[in-house]
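Working notes, beginning with the structure itself.
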Amino acid sequence: MDSENGVKETTDRTDEDLEFCDEESVVSSVDSSTEEMFLDGLDPFLDRPHITETDSPENSQNSESGEQRKRPRLSTTSTSPKGGNIKNMRTSQSVPDVSTETWHSANEPDMEAPSPVFTPVQTPGPKFVLDSCITPLQFFKLFFANSLMQTIVGHTNVYGTKCEDKICKRWLYISLKDFKSFIALIIYMGLFKCSSLKDYWSESQYFSMAFPKKVMSYRNFLRVSNAFHLSNTSEDEKNEMKKGTSGYDKLDKIQLLYQYIREACRKYFHPFQNIKIDERVVTSQDRAEFKECLKSKSASRGYKLFALSDCTTGYTWDCFIHDGKPSASQSEGLSYDSVMALVDENFLGDGYKLFVDKFYTSPVLFGDLLHKNIWACGPVWANRTGFPQTSVNKLSRNAPRGSMRWIRDNELLFVEWKDAREVQMCSTFHKAGGEDTVQRKVKGKDGKRNPVDIPIPDAVLDYERTMGAADSSSRISAHYRMLHKPKKWYQCFFYHFLDIAVENAFILHQLMTKERNQNDLTRKAFLETLVEELTEIGSGTYFAPVSSSSSPAPAPSSFASRLTHFSSPYSDTTGVLHRPKHISEDRTIGRRRCKHCHLKTPIVCVTCNVSLCFQPKRDCFNEWHDLQII
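Residue numbers (UniProt numbering): 1 to 630.
Given below as structure tokens:
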């Protein structure tokens, strides 16, 4: 059984800790040359073992053997990867042979670019989202339903009871409300950033924050954070007994949440034509069973989570987890297999345009995607299997910016373009060249750097426009993870799935309000309202946004200011009824505390589900509702 750290009060972090990023190295566990290539963003099945003589000298000089892989700007994609001392493991797969071709110049005509016929399985956009889904919390519950959260709470209480001697002196059961408050505070910390976790509960007269203390104590927050568990402990023990056999599930502790999020993401949205795949590194300090740490390597560890996203909206449609070590069964390589695991034409349809980075791009993959009627584009390593190795008419080292060369092999187009460095691209739906230009600062004869317009190929321009936007689904819980690095690998996945759920909920909110001809909330306002609803602070009532056809309202500054004033005790201006009702037939039975005066009352507002006095001398019903819009 994994051991948990007890509740600790020493959670302050220095400024150096805040530089921690989820995009550090994938894993530090390297026990073979094959895995070392994987960590550097290479695929041992597809990347050639040695840099050939035809590689650019500039590229060779810029290649550093000890460098961790980071996604560079597109203008730096020509740096050749290190090959290591690995035999080419890819022998059976046929690849295009363009070694005898000649690089064509930009003024040589290319064939017309193909026009993919887009026939998705379902109409792109939101699906199965009811008109009654209005509030941020209702959109969030599409991905994190009460039933899911209650299951996690149950597993956490069982786990806490079994391990209470390791977690705390005596485990106190947490409720669904506690867990919702915990999630709300994670989102809150992404909105309002402090330099240490303890600062959110500071007792300082001038620098304290009232909200976290009102929601949950610091000790209880740490207790939930350190102990929450996503799986059945009995099933975990059974799975551990299967270790070393084919029946062992490495991801057993996250399977419930993993599959739930995947199904929910696919259920409520269908992607538009442009889609992309990127990897999100899930780091933890946990020593998982399938990762060995070498003393010669750094201490950072992680897993790869591959995500298929819609380029138009940023909606995460599906994801695929790799545990950090390529398996022998991956006959086509991790980059190939991860794409094929996510891009299923039976669920998506035909005519999709897929954008990927150079970890995935290969002529073999793009050719096989074409057989599925999926078109693809992305930068490619110059030494990847299938990339043209001819040096005839190749771009010279001193070629001016904007110079281009290209080779076509049937549907596969290879492009070399000179920016600050050489850029190599591969595409199945572009034509060589292009009519667009980009502005770059170029050093002139006078020694000054002046802005100059240089031509840019369509393949490069489309890629930069599509992949250039930052992925916002990794930002929401990132600040909390900087302050309090999770000890358990499955907890790290929880935060990433939470990020996906919140971001997808916001995207659906934007799309649905636009479809209903209503004004949507900004991302900040959406998150603020979601935090308030999760913690049940305020009225707990959300009113439909005003139709965009009506006169624009002033920009709201808080959730309270977004509420519409009531025109009567029973109805607001949007037509939402607020009806008082007796809790039971006998007014002396089932009375509750009034939300406003805290005296006992037999009346409840059926719309808000709030107990309120409704008497001639104690009209808390109207007074409380009026206070919500102040």
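The C-beta atom is built at its ideal place from N, Cα and C for all residues, glycine as well.
- Contact check for I254 and L354: beta-carbon distance about 26 Å, past the 8 Å limit, so the pair fails to qualify.
- Note that the C-beta distance between T156 and I174 is below 8 Å.
- Just measuring C-alpha positions, the residue of V610, D499, F320 sitting nearest D344 is F320.
- For L191, the enclosing alpha helix (DSSP H) starts and ends at 176-191.
- When the Cα atoms are used, A501 and M149 turn out to be separated by approximately 13 Å.
- For R579, the CB contacts under 8 Å within the same chain, skipping 5 residues up- and downstream, are Y570, C605, V606, T607 in chain order.
- Q138 is not bridged by DSSP to any residue.
- For the pair of segments examined, the region 211-229 was found not to touch the region 504-520: the number of CB pairs separated by less than 8 Å stays below three.
- Our two residues, V531 and I187, have alpha carbons roughly 7 Å apart in a direct line.
- When secondary structure is reduced to three states using DSSP, I374 falls in the strand class.
- The residue among R397, F144, E279, L348 with its C-alpha nearest the C-alpha of I261 is F144.
- Per the Cβ contact rule, the region 195-207 is not in contact with the region 117-129 (fewer than 3 Cβ pairs under 8 Å).
- Under the criterion of beta carbons closer than 8 Å, K443 and E112 do not qualify as touching, at roughly 37 Å.
- For K193, same chain residues with a beta-carbon under 7 Å away, outside a window of 5 residues either side, are H479 in chain order.
- Membership of D409 in the beta strand (DSSP E) is indicated by the continuous run 404-409.
- Looking at the DSSP output, G125 shares a beta bridge with H270.
- Pairing I407 with L334, the inter-Cα distance amounts to about 27 Å.
- Annotation for D462: the continuous alpha helix (DSSP H) segment containing it runs 458-467.
- In this structure, the alpha-carbon of D357 lies about 23 Å from that of R266.
- C377 and L369 have their C-alpha atoms spaced approximately 11 Å apart.
- Residue environment for E279: buried (at least 16 other C-beta atoms within 10 angstroms of its C-beta).
- Per DSSP, P388 lies in no beta strand (DSSP E) and is assigned neither H nor E.
- Taken through DSSP and simplified to helix, strand or coil, G349 comes out as strand.
- Straight-line measurement puts the Cα of Y206 at about 20 Å from the Cα of L191.
- In the three-state reduction of the DSSP assignment, C426 falls in the strand class.
- A residue is called buried once 16 or more other Cβ atoms fall within 10 Å of its Cβ, and E623, having fewer, is exposed.
- Contact check for T529 against P136 passes: the beta carbons are separated by less than 8 Å.
- Collapsing the DSSP output to three states places C265 in a helix.
- The continuous alpha helix (DSSP H) containing D499 extends over residues 489-515.
- Restricting attention to K243, V392, F228, R405, the CA atom closest to the CA of F182 is found in F228.
- With respect to the C-alpha of A525, the residue from Q510, E536, N517 having the closest C-alpha is Q510.
- The DSSP-derived three-state label of T233 is helix.
- Remark: C-beta atoms of K441 and P455 do not approach each other more closely than 8 Å.
- For S611, the three-state secondary structure derived from DSSP is strand.
- CA-to-CA, the gap between R516 and G402 works out to about 46 Å.
- Looking at Q424, G433, F347, T361, the one whose alpha-carbon comes closest to that of T119 is F347.
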